[in-house]
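Data block below; observations after.
2 protein chains.
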Amino acid sequence: MQKLVECVPNFSEGRKVSVINKIAASAKKVSGVRVLDTEWDKSHNRSLVTIVGSPREVLSAAFEMIKIATKLIDMRKHKGEHPRIGATDVVPFIPISGITVKDCVVLSIKLAERIAKELRIPVYLYEAAAKRADRVNLADVRRGEYEGLSKEIGSNPDRKPDFGPNKMHPTAGAVVVGARKYLIAYNLNLDTKDVGIAKRIAAKIREKGGGLPGVKVLGFEVGGFAQVSMNLVDFEKTNFDEAFREVEKEAKKLNVGIRSSEIYGMIPLEALVRSVKKTFKAVDFNSDQVLEKRLYE
Amino acid sequence: MQKLVECVPNFSEGRKVSVINKIAASAKKVSGVRVLDTEWDKSHNRSLVTIVGSPREVLSAAFEMIKIATKLIDMRKHKGEHPRIGATDVVPFIPISGITVKDCVVLSIKLAERIAKELRIPVYLYEAAAKRADRVNLADVRRGEYEGLSKEIGSNPDRKPDFGPNKMHPTAGAVVVGARKYLIAYNLNLDTKDVGIAKRIAAKIREKGGGLPGVKVLGFEVGGFAQVSMNLVDFEKTNFDEAFREVEKEAKKLNVGIRSSEIYGMIPLEALVRSVKKTFKAVDFNSDQVLEKRLYE
Numbered sequence: 370m371q372k373l374v375e376c377v378p379n380f381s382e383g384r385k386v387s388v389i390n391k392i393a394a395s396a397k398k399v400s401g402v403r404v405l406d407t408e409w410d411k412s413h414n415r416s417l418v419t420i421v422g423s424p425r426e427v428l429s430a431a432f433e434m435i436k437i438a439t440k441l442i443d444m445r446k447h448k449g450e451h452p453r454i455g456a457t458d459v460v461p462f463i464p465i466s467g468i469t470v471k472d473c474v475v476l477s478i479k480l481a482e483r484i485a486k487e488l489r490i491p492v493y494l495y496e497a498a499a500k501r502a503d504r505v506n507l508a509d510v511r512r513g514e515y516e517g518l519s520k521e522i523g524s525n526p527d528r529k530p531d532f533g534p535n536k537m538h539p540t541a542g543a544v545v546v547g548a549r550k551y552l553i554a555y556n557l558n559l560d561t562k563d564v565g566i567a568k569r570i571a572a573k574i575r576e577k578g579g580g581l582p583g584v585k586v587l588g589f590e591v592g593g594f595a596q597v598s599m600n601l602v603d604f605e606k607t608n609f610d611e612a613f614r615e616v617e618k619e620a621k622k623l624n625v626g627i628r629s630s631e632i633y634g635m636i637p638l639e640a641l642v643r644s645v646k647k648t649f650k651a652v653d654f655n656s657d658q659v660l661e662k663r664l665y666e
Numbered sequence: 370m371q372k373l374v375e376c377v378p379n380f381s382e383g384r385k386v387s388v389i390n391k392i393a394a395s396a397k398k399v400s401g402v403r404v405l406d407t408e409w410d411k412s413h414n415r416s417l418v419t420i421v422g423s424p425r426e427v428l429s430a431a432f433e434m435i436k437i438a439t440k441l442i443d444m445r446k447h448k449g450e451h452p453r454i455g456a457t458d459v460v461p462f463i464p465i466s467g468i469t470v471k472d473c474v475v476l477s478i479k480l481a482e483r484i485a486k487e488l489r490i491p492v493y494l495y496e497a498a499a500k501r502a503d504r505v506n507l508a509d510v511r512r513g514e515y516e517g518l519s520k521e522i523g524s525n526p527d528r529k530p531d532f533g534p535n536k537m538h539p540t541a542g543a544v545v546v547g548a549r550k551y552l553i554a555y556n557l558n559l560d561t562k563d564v565g566i567a568k569r570i571a572a573k574i575r576e577k578g579g580g581l582p583g584v585k586v587l588g589f590e591v592g593g594f595a596q597v598s599m600n601l602v603d604f605e606k607t608n609f610d611e612a613f614r615e616v617e618k619e620a621k622k623l624n625v626g627i628r629s630s631e632i633y634g635m636i637p638l639e640a641l642v643r644s645v646k647k648t649f650k651a652v653d654f655n656s657d658q659v660l661e662k663r664l665y666e
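Protein sequences appear in the order of chains A and B. In terms of the numbering used here, the first sequence is residues 370 to 666. In terms of the numbering used here, the second sequence is residues 370 to 666.
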């Protein structure tokens, strides 16, 4: 099975399209890397580039982008609504196929070492790559943002970076690098207008309330109907088909049905294959049987 | 959406691996064509090469293979258990994505014209490409095999080819070219040893008995358990998820459950996507949302 990893670096530039294009272009130059998406938001003054490929090439492309962003973005002048601590703000590695989160932690560390050594930028590791419990959550690492961290780094031992100098890079600030699982955004539209029912179901199935592992969920009203809106942060534990069945079961108890469901954004083939395997008891089914998969191997 | 077509030419050589390799190699030379599989059987004395790619390139690669097979295989000396009428025996085009069976009929005709003109081999069109009702079934086109057709062609108007000379090619015989939908082989293992139950369910759901459209099905005993074994010849009409639910429903009436199911061989991504869309009411879901699909576009 070909090893595939996704990387979605976030940059503190959402207004100058020429800068964003230069950053994305540097990833495209690395052969074997596919740039799947480039997005930016003016009010956030932030952009993100989604790349996919083999681990070695994705690592290399991520570094090239960070190098260009370091040259072109000056944090001393940066203003935007979204929290950030650096020109390259955060760089998550996400396993897609044939690779684990642990492998992505190794990639994070390799990238952190390169950033520290070649670009002289302080690096913090977060999520699965975190070396300290207080750095698992991105919000904790970014506390105080660029301005606040600039004051604390070097003096507060809790803000000492995991790699690189114990002071901000003059223009690029600091970087957060890490690894996490693929997140599937999945919404279920109920056949009721009563948003209270969506909220009750959400309370029942969310991981924090003792529900399904890896499920973050809220009840909303969307287009006049109640919606159970989920982030499945670990589809190997709870995939969309399992979430569907659980919500359907809870809804039934309240005499409500499911009108439709919505897989939002991209989904890895592996999640589809797992859903088919489980739902139809296709015990030996695997993604190598999917014809299109053979085309990029 | 990228247009993808599959082609699986069958050649009357299953013993000389060097010949089979030369045929497959000629397809590999065509850029943009992927050779997914090469199989052969000694007792059938027959091989088949599975290629996938864009319509233009697959057409070109199919022709290259046929040209080589015409040079290297002599039907006057050919012996094998499997019915055949030529060095290249049959060439089906199968839509995978972004392309219809009608488009594949057009490809069949283009290939037939080239074979007739450049190689001077008589060509019969079959299945969806058939121009006559008595040529829809491959068995009818191949009646009498190479030896029988050699005697009838030129004199029996029912055996007049659709393209090319009204006589056999001296060494390569004749070719059958056509278009058909992708066939999904799908088995359901019941939790009973009573093969009679599998046969009863088969009788109920097969298309011929007024059951599900595009479903060919038999009841078997496999490994001591009853199995409902299906060929889904048109997954846009009846996909594996629908077949599963229907068999499950019929089995339940007989107090029997489904132990497991088995998708045999390759399956197009589109079939997976359709099963998810239907089973989980994911009305807007489409294959462009599958991350891996983006990698070969």
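Beta carbons: idealized from backbone N, C-alpha and C, even for Gly. Please read all numbers here as calculations on a predicted model, not as lab measurements.
If we ignore side chains and look at the alpha-carbon of each, how far apart do residue i and residue j end up?
i: B/Leu-587; j: B/Lys-662; result: 34 Å
i: A/Ala-481; j: B/Gly-383; result: 55 Å
i: B/Ala-430; j: A/Phe-380; result: 45 Å
i: B/Val-652; j: B/Lys-646; result: 6 Å
i: B/Arg-512; j: B/Met-444; result: 16 Å
i: A/Pro-452; j: B/Gly-634; result: 49 Å
i: B/Val-475; j: B/Ser-524; result: 29 Å
i: B/Pro-534; j: B/Leu-518; result: 13 Å
i: B/Ala-567; j: B/Gly-579; result: 17 Å
i: B/Lys-577; j: B/Lys-585; result: 8 Å
i: B/Lys-562; j: A/Glu-619; result: 36 Å
i: A/Asp-527; j: A/Val-510; result: 10 Å
i: A/Ala-498; j: A/Gly-449; result: 27 Å
i: A/Asn-558; j: A/Leu-641; result: 20 Å
i: A/Ser-630; j: A/Asp-610; result: 10 Å
i: A/Ile-570; j: A/Gly-422; result: 38 Å
i: A/Val-564; j: A/Phe-604; result: 26 Å
i: A/Ser-598; j: A/Asp-560; result: 14 Å
i: A/Asp-472; j: A/Lys-529; result: 25 Å
i: A/Leu-478; j: A/Ile-484; result: It should be noted that the sequence gives Ile, not Leu, for residue 478 of chain A. Approximately 10 Å between the Cα atoms of the pair.
i: B/Tyr-493; j: B/Pro-539; result: 17 Å
i: B/Lys-743; j: B/Glu-615; result: Since the displayed chain B opens at 370 and closes at 666, residue 743 of chain B lies outside it and no answer follows.
Looking at the secondary structure, which residues open and close the alpha helix (DSSP H) in which residue i lies?
i: A/Ala-498; result: Here A/Ala-498 belongs to no alpha helix (DSSP H), and DSSP marks it neither H nor E.
i: A/Leu-428; result: 424-441
i: B/Leu-480; result: 470-483
By the 10 Å Cβ neighbour count, where 16 or more other Cβ atoms means buried, how is residue i classified, buried or exposed?
i: B/Ala-456; result: buried
i: A/Asn-414; result: buried
i: A/Val-386; result: exposed
i: A/Ala-508; result: exposed
i: B/Asp-458; result: buried
i: B/Ala-595; result: buried
i: A/Ala-502; result: exposed
i: A/Asn-516; result: Here residue 516 of chain A is Glu; the residue named in the question, Asn, does not match the sequence. Exposed.
i: B/Gly-626; result: exposed
i: B/Arg-504; result: buried
i: A/Asn-390; result: exposed
i: A/Gly-547; result: buried
i: A/Asn-608; result: buried
For residue i, verify whether its CB is less than 8 Å away from any heavy atom of the ligand SAH.
i: A/Val-546; result: In terms of ligand content, the structure shown is empty, and the ligand SAH therefore cannot be addressed.
For residue i, collect the residues of the same chain with a Cβ closer than 6 Å to its Cβ; drop the 5 residues on either side in sequence, then sort them by chain order.
i: B/Lys-606; result: Pro-582, Gly-583
i: B/Leu-417; result: Val-377, Asn-379, Glu-408
i: B/Thr-419; result: Val-377, Leu-405, Asp-406
i: B/Val-388; result: Glu-382, Leu-441
i: B/Ile-468; result: Lys-372, Val-374
For the beta strand (DSSP E) that contains residue i, what are its first and last residues?
i: B/Ile-463; result: 457-466
i: B/Val-404; result: 403-410
i: A/Val-386; result: Counting along the chain, A/Val-386 falls outside any beta strand (DSSP E), though it belongs to the alpha helix (DSSP H) covering 386-397.
i: B/Glu-375; result: 373-376
Closer than 8 Å by C-beta to residue i: which residues in its own chain qualify, once you throw out the five before and the five after it? Chain order, please.
i: B/Glu-426; result: Val-399, Ser-400, Gly-401, Val-402
i: B/Lys-536; result: Pro-491, Ile-522, Gly-523
i: B/Glu-433; result: Ser-395, Ala-396, Lys-398, Val-399
i: B/Ile-465; result: Leu-373, Val-374, Glu-375, Val-421, Tyr-551, Pro-637, Glu-639
Ordered along the chain, which non-local residues of its own chain (more than five positions away) have a Cβ less than 7 Å from that of residue i?
i: A/Gly-542; result: Met-444, Ile-454, Gly-455, Ala-456, Tyr-515
i: A/Ala-554; result: Asn-600, Tyr-633, Gly-634
Subject >> Ranges of the alpha helix (DSSP H) found wholly within the segment 510-541 of chain B, counting only runs of at least 4 >> reply: The qualifying runs are 514-521.
Subject >> Runs of alpha helix (DSSP H) lying entirely within the segment 533-612 of chain A, each at least 4 residues, in chain order >> reply: Every unbroken stretch of the alpha helix (DSSP H) spanning 4 or more residues and falling wholly within the segment 533-612 of chain A is given here in chain order: 564-574.
**OP:** Taking only runs that begin and end inside the segment 620-660 of chain B, name each unbroken alpha helix (DSSP H) of 4 or more residues, in chain order.
**Re:** 638-648, all fully within the segment 620-660 of chain B.
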